[in-house]
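Residue numbers (the numbering used here), protein chains in the order written: chain A, 1 to 94; chain B, 1001 to 1376. Every residue, glycine too, gets a C-beta built ideally from N, C-alpha and C. Predicted model only: the values in this text are computed from it and were never measured.
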Amino acid sequence: MEHLNQLFVEAGTLLVTGMVCVFAFLGLLVIFINTVLAKLAIKFPDAVVQTKPQRPTKQKSYAAKGISPNVVAAITSAVSQYRQQHSQQPNSKK
Amino acid sequence: MDSLTKLWLSTGLANFESGQVIMMVVGCVLLYLAIARNFEPLLLLPMGFGAILTNIPGAGFSEAGGFLYYIYHGGIETGIFPLVIFMGVGAMTDFGALIANPKTLFLGAAAQTGIFATLFGAIALNAVPGIEFTLKDASAIAIIGGADGPTAIFLATKLAPELLGAIAVAAYSYMALVPIIQPPIMRALTTEDERKIEMAQLRPVTKVEKVVFPLAVLLMTIFFLPAATPLVGMFCLGNLMRECGVVDRLSSTVQNELINITTIFLGLGVGSKLSAEAFLNIETLGILALGAVAFSIGTASGVLMAKTMNKFSKVPINPLIGAAGVSAVPMAARVANKVGLEANPHNFLLMHAMGPNVAGVLGSAVAAGILLALVG
Chain A
1 MEHLNQLFVE
11 AGTLLVTGMV
21 CVFAFLGLLV
31 IFINTVLAKL
41 AIKFPDAVVQ
51 TKPQRPTKQK
61 SYAAKGISPN
71 VVAAITSAVS
81 QYRQQHSQQP
91 NSKK
Chain B
1001 MDSLTKLWLS
1011 TGLANFESGQ
1021 VIMMVVGCVL
1031 LYLAIARNFE
1041 PLLLLPMGFG
1051 AILTNIPGAG
1061 FSEAGGFLYY
1071 IYHGGIETGI
1081 FPLVIFMGVG
1091 AMTDFGALIA
1101 NPKTLFLGAA
1111 AQTGIFATLF
1121 GAIALNAVPG
1131 IEFTLKDASA
1141 IAIIGGADGP
1151 TAIFLATKLA
1161 PELLGAIAVA
1171 AYSYMALVPI
1181 IQPPIMRALT
1191 TEDERKIEMA
1201 QLRPVTKVEK
1211 VVFPLAVLLM
1221 TIFFLPAATP
1231 LVGMFCLGNL
1241 MRECGVVDRL
1251 SSTVQNELIN
1261 ITTIFLGLGV
1271 GSKLSAEAFL
1281 NIETLGILAL
1291 GAVAFSIGTA
1301 SGVLMAKTMN
1311 KFSKVPINPL
1321 IGAAGVSAVP
1331 MAARVANKVG
1341 LEANPHNFLL
1351 MHAMGPNVAG
1361 VLGSAVAAGI
1371 LLALVG
């Protein structure tokens, strides 16, 4: 019985020591995250991945081919007018 | 006639002992739970088969020179298999939810009460005739409350290898039973209004934070709890492989092939410890009962801690996520989410519960380190 009591005392000591250590360890981790990691997050944010705009590339390629921007603008305007006219036709039939 | 007699004596039928038959039935029950009930099938299936193999009379699987003998002594007794699995778990763990809401680490810490409180239960069982648990045995049994299989196996091999079979079976059985054990405790300790609490959306976590986190955890373990470095170190290595983004092949291997191969051998090795003489005794019943107690106390402590934090916190905390503090990743977080959805169909707690869930993995590894340092 005395041996059992001694074991209970040791278990009690383990309970207190163990829980204090677990809380202290994880508590330190909380402090670390709130201080160091939070600062790192501000200082080194994730790089925003930018998608390359399509038009400038096309214009660049037209320019590279020696086509004047005015010609490209005229063709673009003509194509859009043609599309508008043809897209309105079905509606006008109704 | 002599040849026939010799042949008969070499058959399993002539050599079976009742204990071996019972343990084969236990192995079949594990196979049934794995195949028909889908209870932790990845481990219970090889474990159940290992139990059948080790109890074959005359085959000598677990005797010196036998296949399972080498698996156990080479991989489990040395601690290699549980540590490799812990590395894989680290590679599969995303600490994002934890870093976004670090307070949840306290929930993971509170849930470890189940481990230390169960020590009393294990020692109290010494009053039962036929049971004699030392403090080392009690510590190895109590770690079941951490709901972490590799940690339980690692600690059992160090503190009480003779109880490994019963401890591993109890740990994995209760982990599989998380959806049954936890909800009644969670409902009993929370009000309807508390279960309905919706939590604020988590902030995005940067890559730098995720890379630095495992290194910081390792550094702290080296400084304050070196006894836990085998577990925490391998866990952090796996996590760093995942997050650094330069060793995707290694990360993928650790998360898939390596952990799968190791799980097969770990299951077989643990199954080899399910021999009649080691398992069929009153101590096993005690271990199974204590496992349930440890689990329940861990769940209750996590929920109560979350309730307390909710009272004092500026941002609302749903107490249900406290139950995920017992590791059992990701089952415990899913259970918290499910019980939350029952109370409020628009309340998705899964990501919030992943914080305490992975904190529980760290907490149980730290608790194991403390037990090793103080009792081992």
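Which value, in whole angstroms, describes the spacing of the CA atoms of residue i and residue j?
i	j	result
Leu-1274(B)	Phe-1265(B)	15 angstroms
Lys-1207(B)	Glu-1194(B)	34 angstroms
Ala-1227(B)	Met-1199(B)	36 angstroms
Pro-1356(B)	Leu-1098(B)	7 angstroms
Glu-1209(B)	Asn-1239(B)	12 angstroms
Ala-1276(B)	Arg-1249(B)	43 angstroms
Tyr-1172(B)	Val-16(A)	27 angstroms
Leu-1030(B)	Thr-1118(B)	25 angstroms
Asn-1318(B)	Gly-1165(B)	37 angstroms
Ser-68(A)	Pro-1214(B)	57 angstroms
Gly-1075(B)	Gly-1267(B)	11 angstroms
Ile-1022(B)	Ala-1051(B)	10 angstroms
Leu-29(A)	Met-1087(B)	20 angstroms
Leu-1218(B)	Phe-32(A)	13 angstroms
Met-19(A)	Gly-1012(B)	51 angstroms
Gly-1120(B)	Tyr-1174(B)	Note that residue 1120(B) corresponds to Phe in the displayed sequence, not to Gly. About 20 angstroms.
Tyr-1072(B)	Glu-1063(B)	11 angstroms
Val-1247(B)	Cys-1236(B)	14 angstroms
Ser-80(A)	Gly-66(A)	23 angstroms
Leu-1374(B)	Val-1358(B)	24 angstroms
Pro-90(A)	Val-71(A)	Unreliable positioning characterises Pro-90(A) in this predicted model, as indicated by a pLDDT of 47, which lies under 50. The coordinate reading is nonetheless provided below. When rounded, the distance between both Cα atoms is 30 angstroms.
Quick one: grab the DSSP three-state call for residue i.
i	result
Asp-1002(B)	helix
Met-1024(B)	helix
Leu-4(A)	helix
Asn-1357(B)	helix
Asn-1126(B)	helix
Phe-1279(B)	helix
Val-1270(B)	helix
Thr-1308(B)	helix
Ser-1062(B)	coil
Gly-1075(B)	helix
His-1346(B)	coil
Ser-1018(B)	helix
Pro-1057(B)	coil
Leu-1177(B)	coil
Glu-1194(B)	helix
Ala-1160(B)	coil
Ala-1328(B)	coil
Asn-1038(B)	coil
Val-48(A)	coil
Gln-1201(B)	coil
Lys-94(A)	Confidence at Lys-94(A) is low in this model, with a pLDDT of 39, below 50, so the placement of that residue should be treated as unreliable; the coordinate-derived value is given next. In the structure shown, Lys-94(A) sits in coil (DSSP, three-state: anything other than H, G, I, E or B).
Quick check on the DSSP output: the alpha helix (DSSP H) that includes residue i runs from which residue to which?
i	result
Ala-1091(B)	1080 to 1092
Asp-1248(B)	1248 to 1253
Asn-1101(B)	That residue, Asn-1101(B), is in no alpha helix (DSSP H); it is neither H nor E in DSSP.
Arg-1242(B)	1229 to 1244
Thr-1206(B)	Premise fails: Thr-1206(B) is in no alpha helix (DSSP H) and is neither H nor E.
Ser-1139(B)	1135 to 1142
Leu-40(A)	38 to 43
Quick one: measure Cβ to Cβ for residue i and residue j, integer angstroms, because I've assumed they're closer than 8 angstroms.
i	j	result
Asp-964(B)	Val-1361(B)	Any question about residue 964(B) goes unanswered here, given that chain B covers just 1001 to 1376.
Leu-1280(B)	Gly-1019(B)	6 angstroms
Val-1326(B)	Ala-1111(B)	5 angstroms
Gly-1058(B)	Ser-1010(B)	7 angstroms
Gly-1108(B)	Gly-1369(B)	Contact doesn't hold; Cβ gap of about 14 angstroms is too wide.
Leu-1258(B)	Ala-1100(B)	Their Cβ separation, rounded to whole angstroms, is 29 angstroms, which puts Leu-1258(B) and Ala-1100(B) out of contact at 8 angstroms.
Met-1186(B)	Val-1339(B)	5 angstroms
Leu-1033(B)	Leu-1043(B)	Rounded, the Cβ-Cβ distance is 11 angstroms, inconsistent with contact.
Gly-1245(B)	Gly-1027(B)	Incorrect: roughly 43 angstroms between the Cβ atoms, too far for contact.
Leaving out five residues before and five after residue i in sequence, what residues of the same chain have Cβ atoms less than 7 angstroms from its Cβ?
i	result
Ser-1301(B)	Ala-1110, Ala-1111, Thr-1113, Gly-1114
Asn-1337(B)	Phe-1348, Leu-1349, Leu-1350, Ala-1353
Leu-40(A)	none
Lys-94(A)	Residue confidence is low: Lys-94(A) scores 39 on pLDDT, short of 50, so the model does not pin down where it sits. Its coordinate-derived value is still stated next. No residues qualify anywhere along the chain.
Ala-1091(B)	Gly-1238, Asn-1239, Met-1241, Arg-1242, Ser-1251, Val-1254, Gln-1255
Pro-1081(B)	Note that residue 1081(B) is Phe in the sequence shown, not Pro. Contacts found: Gly-1075, Thr-1262, Phe-1265, Leu-1266, Gly-1269.
Gln-6(A)	none
Ala-1343(B)	Glu-1192, Arg-1195, Lys-1196
Looking only at its own chain, which residues have a Cβ that is under 6 angstroms from the Cβ of residue i, when we skip the five neighbours before and after it?
i	result
Ala-1160(B)	Lys-1136, Asp-1137, Ala-1140
Leu-1288(B)	Ala-1170
Val-36(A)	none
Met-1286(B)	Reading off the sequence, residue 1286(B) comes out as Gly, not Met. Closer than 6 angstroms at the Cβ level, and outside the excluded window around Gly-1286(B), lie Leu-1125, Ile-1131.
Gly-1377(B)	No answer is possible for residue 1377(B): the residues shown for chain B start at 1001 and end at 1376.
Ala-1278(B)	Gly-1165
Phe-1039(B)	Leu-1033, Ala-1176
Note down, in chain order, each residue of its chain lying with its Cβ closer than 8 angstroms to the Cβ of residue i, except the 5 sequence neighbours on either side.
i	result
Ser-92(A)	Reliability of the predicted coordinates at Ser-92(A) is poor, the pLDDT of 41 falling under 50, and the value obtained from them is presented with this limitation in mind. None.
Lys-1307(B)	Leu-1189, Thr-1190, Glu-1194, Pro-1319, Gly-1322
Any C-beta of chain D within less than 7 angstroms: which residues of the stretch 8 to 26 of chain A qualify? This model lacks chain D altogether, as its protein chains are A and B.
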